[in-house]
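Q:
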Amino acid sequence: MRLSRYFLPLSKETPADATIASHQYMLRAGMMKQNSAGIYSWLPLGHKVLKKIEQIVREEQNRAGAIEMLMPTIQSADLWKETGRYDAYGPEMLRIVDRHEREMLYGPTNEDMITDIFRTFTRSYKELPKILYHIQWKFRDERRPRFGVMRGREFLMKDAYSFDLTEEDARASYNKMFIAYLNTFNRMGLKAVPMRADTGPIGGDLSHEFIILAETGESEVFCHADLVNMAAPGAVDFESDLQALVDQRTALYAATDEMHNPEEFEQIPDDKRLTARGIEVGHIFYFGEKYSQPMKAKVMGPDGQEIFIKMGSYGIGVSRLVGGIIEASHDENGIIWPKAVAPFGAGIINLKVGDEDTDTACENIYHALALAGIDPLYDDRSDRGGVKFSRMDLIGLPYQIIVGPRGLKEGGVEVKTRSTGERENLSIDEAINFVTEQFKA
Ligand code: 5CA
Numbered sequence: 061m062r063l064s065r066y067f068l069p070l071s072k073e074t075p076a077d078a079t080i081a082s083h084q085y086m087l088r089a090g091m092m093k094q095n096s097a098g099i100y101s102w103l104p105l106g107h108k109v110l111k112k113i114e115q116i117v118r119e120e121q122n123r124a125g126a127i128e129m130l131m132p133t134i135q136s137a138d139l140w141k142e143t144g145r146y147d148a149y150g151p152e153m154l155r156i157v158d159r160h161e162r163e164m165l166y167g168p169t170n171e172d173m174i175t176d177i178f179r180t181f182t183r184s185y186k187e188l189p190k191i192l193y194h195i196q197w198k199f200r201d202e203r204r205p206r207f208g209v210m211r212g213r214e215f216l217m218k219d220a221y222s223f224d225l226t227e228e229d230a231r232a233s234y235n236k237m238f239i240a241y242l243n244t245f246n247r248m249g250l251k252a253v254p255m256r257a258d259t260g261p262i263g264g265d266l267s268h269e270f271i272i273l274a275e276t277g278e279s280e281v282f283c284h285a286d287l288v289n290m291a292a293p294g295a296v297d298f299e300s301d302l303q304a305l306v307d308q309r310t311a312l313y314a315a316t317d318e319m320h321n322p323e324e325f326e327q328i329p330d331d332k333r334l335t336a337r338g339i340e341v342g343h344i345f346y347f348g349e350k351y352s353q354p355m356k357a358k359v360m361g362p363d364g365q366e367i368f369i370k371m372g373s374y375g376i377g378v379s380r381l382v383g384g385i386i387e388a389s390h391d392e393n394g395i396i397w398p399k400a401v402a403p404f405g406a407g408i409i410n411l412k413v414g415d416e417d418t419d420t421a422c423e424n425i426y427h428a429l430a431l432a433g434i435d436p437l438y439d440d441r442s443d444r445g446g447v448k449f450s451r452m453d454l455i456g457l458p459y460q461i462i463v464g465p466r467g468l469k470e471g472g473v474e475v476k477t478r479s480t481g482e483r484e485n486l487s488i489d490e491a492i493n494f495v496t497e498q499f500k501a
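Note that the numbering used here has the sequence shown beginning at 61, numbered continuously upward.
1) Touching or not, the stretch 374-393 and the stretch 232-252, by the rule of three or more beta carbon pairs under 8 Å?
2) In this structure, does DSSP put Pro398 in helix, strand or coil?
3) Quick one: is Asp224 buried, meaning 16 or more other Cβ sit within 10 Å of its Cβ, or exposed?
4) Asn321 by DSSP, collapsed to three states: which one?
5) Would you check whether the ligand 5CA has a heavy atom nearer than 7 Å to the C-beta of Ile96?
6) Do Glu326 and the ligand 5CA come close, with the Cβ less than 7 Å from some heavy atom?
7) For the beta strand (DSSP E) containing Tyr459, name the first residue and the last one.
8) What is the C-beta distance between Leu273 and Gln196, in whole angstroms, given that I count them as a contact (C-beta under 8 Å)?
9) When every heavy atom of the ligand 5CA is checked, does at least one fall within less than 7 Å of the C-beta of Phe245?
10) Taking Arg309 as the reference, which of Met360, Thr182, Arg256, Phe245 has the closest Cα?
11) Specify, as a first and last residue, the run of the beta strand (DSSP E) that Pro104 falls within.
12) Suppose you measure from the CA of Asp265 to the CA of Ser233; what does that come to, to the nearest Å?
13) Any chance you could list the alpha helix (DSSP H) runs of at least 4 consecutive residues sitting entirely within the stretch 143-179, in chain order?
14) Taking the beta strand (DSSP E) that Thr477 falls in, what are its first and last residues?
15) Pull up the distance between the alpha-carbon of Gly90 and that of Ala428, whole angstroms please.
16) Check this for me: beta carbons of Ile339 and Glu387, under 8 Å apart or not?
17) Give me the residue from Gly471, Phe499, Lys500, Met86 with the minimum Cα distance to Asp489.
18) Would Lys370 and Glu227 qualify as a contact pair, given that the criterion is a beta-carbon distance under 8 Å?
19) Below 8 Å on the Cβ atoms is my contact criterion, and I expect His268 with Tyr313 to pass it. Report the Cβ-Cβ distance as a whole number of Å.
20) Which term fits Gln121, buried or exposed, when burial requires 16 or more other beta carbons within 10 angstroms of its beta carbon?
21) Is the beta carbon of Ala406 less than 8 Å from the beta carbon of Ile434?
22) Any idea if Gln365 is buried or exposed, counting beta-carbon neighbours within 10 angstroms, 16 or more meaning buried?
23) Please find out if some non-hydrogen atom of the ligand 5CA comes closer than 7 Å to the beta-carbon of Met91.
24) When the distance is taken between beta carbons, is Gly384 closer than 8 Å to Met210?
25) Taking only runs of the alpha helix (DSSP H) that begin and end inside the stretch 252-339, which ones reach a length of at least 4 residues, in chain order?
26) Quick one: grab the DSSP three-state call for Asn95.
27) With distances taken Cα to Cα, identify the nearest neighbour of Pro362 among Ser184, Arg162, Ser96, Ile113.
Okay, here's the thing in structure tokens:
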């Protein structure tokens with residue numbers, strides 16, 4: 061993409077309510093625009109990141125055997141009355157009346173609807189286990205929408221739902237998602253720690269939040285320091301016993317403030333006791349028959365008896381992750397995108413637009429990187445160098461290739477790695493190879 065043709069509306073000032081780095085940088089870097097409180101348009105740069113995160117989530121769900129589908133945003137109130145959640149959900153639910161005076165709502169989550177879908181089509185235990193998911197916009201009329209996309213009213217969520225015959229099978233499904241979550245966040249360059257959590261309006265008795273540590277996080281967390289540094293499971297065979305992998309993590313103390321048990325925490329050696337703040341990027345629940353009972357979602361078991369389906373649900377805050385990643389990865393000059401979610405792989409800075417040699421060198425690099433699948437952003441605008449440098453730092457692309465007449469005379473260009481600030485003088489070919497190699501690793 062050539063910057064001169066792109067839509068990248070940067071801004072110098074941010075509103076006073078943008079108090080944290082991710083909120084400020086997303087506005088300044090032209091990633092989004094607020095339309096109403098907690099409701100945002102995703103501008104091209106932000107949209108690219110959102111889609112990359114969504115795709116990583118999708119790939120890891122698929123790898124774990126979950127099956128993608130899509131449910132609507134607008135739901136009928138009837139299903140929610142069946143489960144008793146219509147009244148229980150309170151003012152967070154956006155209620156809508158259609159032209160026929162029918163009560164509708166903008167879905168804050170989908171347990172009720174997916175249970176209805178499942179009971180409509182599933183009769184036999186032979187069709188279990190199943191995990192279905194979708195990636196869809198949700199609406200929650202939060203009392204205090206804040207921190208930009210981190211606590212929005214309209215937000216993008218991946219929500220998965222598991223269906224099993226027995227509690228033991230259901231726990232295996234829970235473990236699959238648990239492992240898939242660790243790998244998902246790891247691929248985005250995040251260290252997400254699973255913590256025992258409260259189940260809130262979703263219900264159930266087993267629940268973990270996945271928290272990334274950040275000073276500006278809304279949750280207070282307590283955990284064993286080793287948990288933060290534990291490597292992600294990586295490629296695991298999802299048919300094998302996942303319990304051991306999960307046990308490894310759950311054996312170490314980790315809890316959000318609601319579930320914190322100071323006595324248990326005290327058992328941890330002093331130098332391993334970590335108290336911090338964090339951002340909840342995922343939340344998984346096992347709730348058994350909480351929805352299948354009121355909705356009469358049953359299957360015929362092997363012995364011919366009808367059995368209520370055992371269910372769990374598994375959420376990831378896809379749009380919240382955009383902000384979460386920035387909180388975890390930025391400096392005073394702007395965003396530092398991890399390679400896997402960067403909106404463009406590299407930026408090319410032309411320091412003298414109109415100079416024939418410089419233009420030609422930039423064009424060559426641009427085409428070579430595009431061909432290598434790096435998706436470069438070419439700053440071909442005629443601003444001053446300083447403007448270009450700070451703009452490129454702000455939007456945080458992993459690599460910058462800086463091209464000017466002086467460097468070219470000495471046979472090369474400068475390559476800057478955004479995360480370390482390291483600069484290297486390389487020939488044009490070396491620069492192209494260097495950047496291409498970084499994305500192979
Ligand atoms: N039905 C369950 C799991 S599918 C559920 O709704 N869980 S949740 O309430 O914990 O939400 C799942 C994830 O969505 C959260 O972990 C969080 O990352 C994200 N999320 C929740 N509320 C918001 C919000 N107001 N703005 C942005 N992201 C949110």
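Backbone N, C-alpha and C fix where the C-beta goes; we use that ideal spot for every residue, glycine too.
A: In terms of the structure at hand:
1) yes
2) coil
3) buried
4) coil
5) Note that residue 96 corresponds to Ser in the displayed sequence, not to Ile. Checking the Cβ of Ser96 against the ligand 5CA gives no.
6) no
7) 459-463
8) Their Cβ separation, rounded to whole angstroms, is 28 Å, which puts Leu273 and Gln196 out of contact at 8 Å.
9) no
10) Arg256
11) Pro104 -> not in any beta strand (DSSP E); alpha helix (DSSP H) instead, spanning 104-123.
12) 15 Å
13) 145-148
14) 473-477
15) 27 Å
16) yes
17) Gly471
18) yes
19) With a Cβ gap of about 13 Å, His268 and Tyr313 do not count as contacting.
20) buried
21) yes
22) exposed
23) no
24) yes
25) 285-289, 303-310, 322-326
26) strand
27) Ser184
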